[in-house]
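In this text, residue positions in the sequence shown follow my numbering: the first is 900, and each later residue adds one.
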Amino acid sequence: MIKHIFLLFVLVATYHQSRSQTPYVEILNNSNKSNIRGLSVVNDNVLWVSGSGGTVGRSVTGGKNWTWITVPGYEKVDFRDIEAFDAFTAIIMGIGEPAYLLKTTDGGQNWKRVFENNTKGMFLDAMDFFNEKQGMVIGDPIDGKFFMATTTDGGDSWDINKETPMADTGEAFFAASGTNLRYFNEGHYFLVSGGRSSKFYTATTQLVLPITQGKESTGANSIDVYDLDKKYKKMMVVGGNFSADTTSLNNCYYSLDGGKKWNVPKVPPHGYRSCVEYLSDKVLIACGTSGVDFSKNGGRNWQLIDKGSFNVCRIAKKGNTVYLAGNKGTVAKLRWK
């Protein structure tokens, strides 16, 4: 009997040890009908999401409890990106015609319109902030030039950039996860485009990416930069073809020299991916409509850990918790530590 009990103990302990070492996705909420693409994680407990139908969600309990808001007067707007600064302050991005940026300072009870643009063809794609004051928003080409605007006062006002890159025919940004733009101090930015042409942009450089391209549904959807050393050398780009979302061909590349040279993973993510996020120097997560992948060696090899559909994944700005969000109001947490 003692031998059987000991064996059972060993099996249970081995299972839990294996489970703790293998990252997995835990669903927290799927009660909302919104298609969520905006996700901002302030800390381990405070997170905001935004999506279709004028929807904004907020949790201050690590996703256990939620406050869901339909922004009055914007019930038909698709808010595809959100930037949150604390439990009360956030900015949401309504994509286009007209394009809006709205800000709340009271947890979503009231919203102030801080930006509006009625230009024909206006379509915002992503927004990112370096800190609580400095931010940037990007949009599809207008008269052949990409749209860009910046703020230095926490999003209360926005200045439209006059000098912006020219886009190739059929080139645009994807409003897939709000992560094809990464904005840093003193105007440094890194962004990636897609469509018939897919490029990597900085304030001074533009290079054609080796990622799959040539169709409206192909190209780069997300970039992340590991900037702990402030040298902006390590970068990861994901994308693919969202019309063939299980295809892994040329869907992921990484750079170790600031984008001068791009390397292909030995084992790429298992399909189209709309978002990628560094969790540490070597550890990354990528998600898309055909699943979630995890890498422990800097993106050289990727492991499929979940087949669920997610649009966006973000790690806490202050903390280690990782959340994901997707269609039908789905919000989840990555169990990885």
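All C-beta atoms in this analysis are idealised placements derived from N, C-alpha and C, irrespective of residue type, glycine included.
By the neighbour-count definition (other C-beta atoms within 10 Å, threshold 16), L946 is a buried residue. A distance below 6 Å between beta-carbons, with the five flanking residues on each side excluded, links L1001 to the following residues of its chain, in chain order: I991, W1010 and R1012. Within the same chain, F1029 come within 6 Å of F1083 by CB-CB distance, once the 5 residues on both sides are set aside. Cα atoms of D1055 and G1113: separation of roughly 38 Å, rounded to the nearest angstrom. In the DSSP assignment, Q1008 falls outside any alpha helix (DSSP H), carrying neither H nor E. DSSP places K1160 outside both helix and strand once states are collapsed to three, so it counts as coil. Under the Cβ criterion (8 Å, minimum of three pairs), the region 961 to 968 does not count as touching the region 977 to 993.
Per the coordinates, the alpha-carbon of T1229 lies some 35 Å from the alpha-carbon of L1106. T1188 sits close to D1144, with the two beta carbons spaced by under 7 Å.
In the DSSP assignment, Q1033 falls outside any alpha helix (DSSP H) and carries neither an H nor an E.
Around the beta carbon of D1156, fewer than 16 other beta carbons sit within 10 angstroms, so the residue counts as exposed.
Given a length threshold of 4 residues, the region 1090 to 1129 has no whole run of the alpha helix (DSSP H) inside it. Beta-bridge analysis with DSSP links N1226 to no other residue.
Per DSSP, I1184 is one residue of the beta strand (DSSP E) stretching across L1183 to G1187. Judged by DSSP in its simplified three-state form, A1215 adopts coil rather than helix or strand. F1046 sits close to G1038, with the two beta carbons spaced by under 7 Å. Considering only G993, V976, G1020 and E974, the residue with the shortest C-alpha distance to E982 is G993.
Counting of Cβ neighbours within 10 angstroms places P1164 among the buried residues, the total reaching 16 or more. In this structure, T1117 and G1093 form a Cβ contact; the two beta carbons are roughly 6 Å apart against a cut-off of 8 Å.
Counting along the chain, G956 sits inside the beta strand (DSSP E) bounded by residues T954 to S958.
Under DSSP, R1234 forms a beta bridge with Y923. When the alpha-carbon of N1210 is set against those of N1017, N934 and N942, the nearest one is in N934.
CA-CA distance, I968 to V1036, rounds to 23 Å. Taking a contact as a CB-CB distance under 8 Å, the pair D977 and A1025 does not count as one, their CB atoms being some 13 Å apart. If you look at N1140, you'll find it in the beta strand (DSSP E) that goes K1133 to N1140. By the criterion of a C-beta distance shorter than 8 Å, E996 is surrounded in its chain by N1017, K1019, G1020, M1021 and F1022, once the five residues flanking it on both sides are discounted.
Counting only residues of its own chain and dropping the five nearest sequence neighbours on each side, C1174 has a CB closer than 6 Å to the CB of S1076, T1078, S1121, C1186, V1211 and C1212.
Exposed is the label assigned to I1059, since fewer than 16 other Cβ atoms lie within 10 Å of its Cβ. In terms of CA proximity to G1207, A1224 leads the group G1198, N1196, G1218 and A1224. A direct Cα-to-Cα measurement between A1231 and D1027 gives close to 22 Å.
By the neighbour-count criterion, in which a residue is buried when 16 or more other Cβ atoms sit within 10 angstroms of its Cβ, E925 is exposed.
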